[in-house]
Every structure is written in C-alpha cells, then in structure tokens.
DNA sequence: AAAATACGCAACCAAAAAGTTGCACATGAA
DNA sequence: TTCATGTGCAACTTTTTGGTTGCGTATTTT
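Chains as they are written, first to last, in our numbering: chain X, 1 to 108; chain F, 1001 to 1108.
So, in structure tokens, the structure goes:
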C-alpha cells in the first residue's frame, strides 16, 4: 500500500513542532531519556511523555528501558515508507502534467 | 532549512485521512471543483472547503476559479521538499548507526 | 426571467488534542 | 538507610480541530 500501515497517522505524528523537533534530535543517533528530551523545552515531563507515546504509537520511535530511565530512539524504516509515498504522489502528478502537455501539443 | 517554510504544518496538513485522500485524487492530475471532490465522501461541501483551505494554506494546493466553480490542483514542489527532509533524517540516523557500529568493533 | 448549480462567509457545536497538577513507585547515589 | 532522580498513572482544564447549519451571492441553464 501507499505509505504502509497508516500514512495519515504518521503524518499527523510528525505534524507537531515539538514532535518534529524530537525526531530531529533523535536523528543524530543517540537514544535519550524522557527527562533529557524535556530539557530545553518549555514543556513538562508529562507533556513530553505524551508526545513520545504518539511517535512510538505510529512506529517512529522505539522505547528502551535502562535502569530507572526510559530512553527513546528513532526507527528509520517508517520514514523510508513515507518518503516512498511522497515520491510516488509527486511522480504521479508530474506524469499527469506530461500527458497534459503532450495532449495540448497535439492540437492542430 | 530542513523542510522549507514550515515542515510541521505541511505534515499536519497531510495528517488527516480526508485531506490525504484529496491529495491522492489530485495526484492523478486533473484539477477538480469543490463539489466534485465532495462527491463520494460523507462530508458536506463546507467541511471539504475547510480541508482544501488547509492544504492550500501550506502551499500543497493551488486554487483556480473557472466560471462559477473553484477548482483545486496539486502543487508537487512542496511534496518534493518534504521528501528531501525525510530522506535527510533517515540518512542522518543511518550514518549514526554506522558510526556506532564502527565504535563497537574497535573495542578489543 | 426563473430555476438550478456552485460558492463564500459567519456563528455555533462537539470531540480530540495539548498541557497541567498531584501522587505513588522504582532505582541509584550518598 | 536515606535522599534524590526518573517514571508511570489518572483526573482535569484549555485549545484546536473537524463538522454543521443558515443565509447571501454569483453563474449557468432552461
């Protein structure tokens, strides 16, 4: 399918500035704890926890418990699915444009 | 910038099943009127109008008035921006994984 | 001209999302 | 053991969002 399990849900998960910032931070590679991810934001830890649950819920993050802390890391596979979907849509539209142009040029 | 003007807003715009379906329909190439886009959905015309405004607001759609009707068409450029952004994040993470693996292998 | 089609705008509603506070519990450090 | 750190869970408040209804206006069509 185009976009895997639920493309809309994944886009919605990325469609929040806080969550997109988290994805950017975790894209650097290191799994980070909730408290660490909360630092530097105006949010409470609980608010951040909710955002992380949303991202985990659509498969974009994975949770790993280490001692007393709970670390989250990015899962790049779903992102690849979204990329493929956007490429498909973009290509479909470009093709349609080409067909339209050819049709117009065929008019005498 | 990663994702152009406002990547989060664009993801949010795509993060609704109705709007994602509209994007899919318009990806086929033909600009369609509001009434036409409303057909086959359980929504009212006004609800569809709001969704179209959201998509237009982030630059994903363009509005063209033809006679008494108002047609919407897809603009593929922003989609290309999002694709590039997702590819960047995905690549960053893969690179981080590579670095981590190399580091681990260097341990005696 | 009259009727039907296609919209736009504004007010209003209800459900979901974002965020907070309060409290209990587990783990690490002193 | 005692104290500090890091979480999880639940109830509650506040915005935002998705959706509707009602009404007025511009085009077609007949």
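Heads up, the beta-carbon is just placed ideally off N, CA and C, and yes, glycines get one too.
Contact test: residue i Cβ vs the ligand MG heavy atom, cutoff 7 Å
i: residue 96 of chain X; result: You won't find the ligand MG in this model; it holds no ligand whatsoever.
Backbone CA spacing between residue i and residue j [nearest angstrom]
i: residue 1049 of chain F; j: residue 13 of chain X; result: 24 Å
i: residue 1010 of chain F; j: residue 1060 of chain F; result: 8 Å
i: residue 63 of chain X; j: residue 88 of chain X; result: 31 Å
i: residue 69 of chain X; j: residue 37 of chain X; result: 12 Å
i: residue 1008 of chain F; j: residue 1083 of chain F; result: 13 Å
i: residue 1074 of chain F; j: residue 1043 of chain F; result: 21 Å
i: residue 86 of chain X; j: residue 1066 of chain F; result: 29 Å
i: residue 1035 of chain F; j: residue 1024 of chain F; result: 17 Å
i: residue 1026 of chain F; j: residue 96 of chain X; result: 10 Å
i: residue 102 of chain X; j: residue 1039 of chain F; result: 29 Å
Residue i: contacting residues in chain F (beta-carbon distance under 9 Å)
i: residue 97 of chain X; result: 1029, 1076
i: residue 52 of chain X; result: Under the 9 Å cutoff, chain F gives no residues; its nearest Cβ is about 16 Å from residue 52 of chain X.
i: residue 55 of chain X; result: The contacting residues do not exist; residue 55 of chain X stays about 12 Å from chain F at best.
Outcome for residue i when other beta-carbon atoms lying within 10 angstroms are tallied against a minimum of 16
i: residue 100 of chain X; result: exposed
i: residue 58 of chain X; result: buried
i: residue 22 of chain X; result: buried
i: residue 1098 of chain F; result: exposed
i: residue 71 of chain X; result: buried
Contacts that residue i makes with chain X (C-beta to C-beta distance below 9 Å)
i: residue 1080 of chain F; result: 86, 87, 90
i: residue 1020 of chain F; result: 3, 7, 8, 11
Delimiting residues of the alpha helix (DSSP H) encompassing residue i
i: residue 1056 of chain F; result: 1045-1057
i: residue 14 of chain X; result: 7-14
i: residue 1026 of chain F; result: 1017-1026
i: residue 38 of chain X; result: 34-38
Interface partners of residue i on chain X, CB under 8 Å
i: residue 1037 of chain F; result: Result: empty, since nearest Cβ-Cβ is about 16 Å, beyond 8 Å.
i: residue 1023 of chain F; result: 89
Residue interval of the beta strand (DSSP E) (run including residue i)
i: residue 73 of chain X; result: 69-74
i: residue 1061 of chain F; result: 1061-1066
Residues that residue i contacts on chain X, provided the C-beta gap is smaller than 7 Å
i: residue 1015 of chain F; result: 8, 11, 12, 15
i: residue 1083 of chain F; result: 83, 86, 87, 90
i: residue 1061 of chain F; result: Near residue 1061 of chain F there are no residues of chain X at all, since even the closest Cβ is about 11 Å away, more than 7 Å.
i: residue 1100 of chain F; result: 29
inquiry  = Between the stretch 10-28 of chain X and the stretch 42-57 of chain X, can you find at least three pairs of beta-carbon atoms closer than 8 Å?
reply    = yes
query = For the stretch 1089-1098 of chain F against the stretch 1052-1062 of chain F, are there 3 or more C-beta pairs whose distance is under 8 Å?
reply = When Cβ pairs closer than 8 Å are counted between the two stretches, the stretch 1089-1098 of chain F is seen not to touch the stretch 1052-1062 of chain F, the count staying below three.
ask   = Would the stretch 1030-1038 of chain F and the stretch 1076-1085 of chain F be scored as touching if the rule is three or more Cβ pairs under 8 Å?
value = Three or more Cβ pairs closer than 8 Å define a contact, and the stretch 1030-1038 of chain F falls short of that threshold against the stretch 1076-1085 of chain F.
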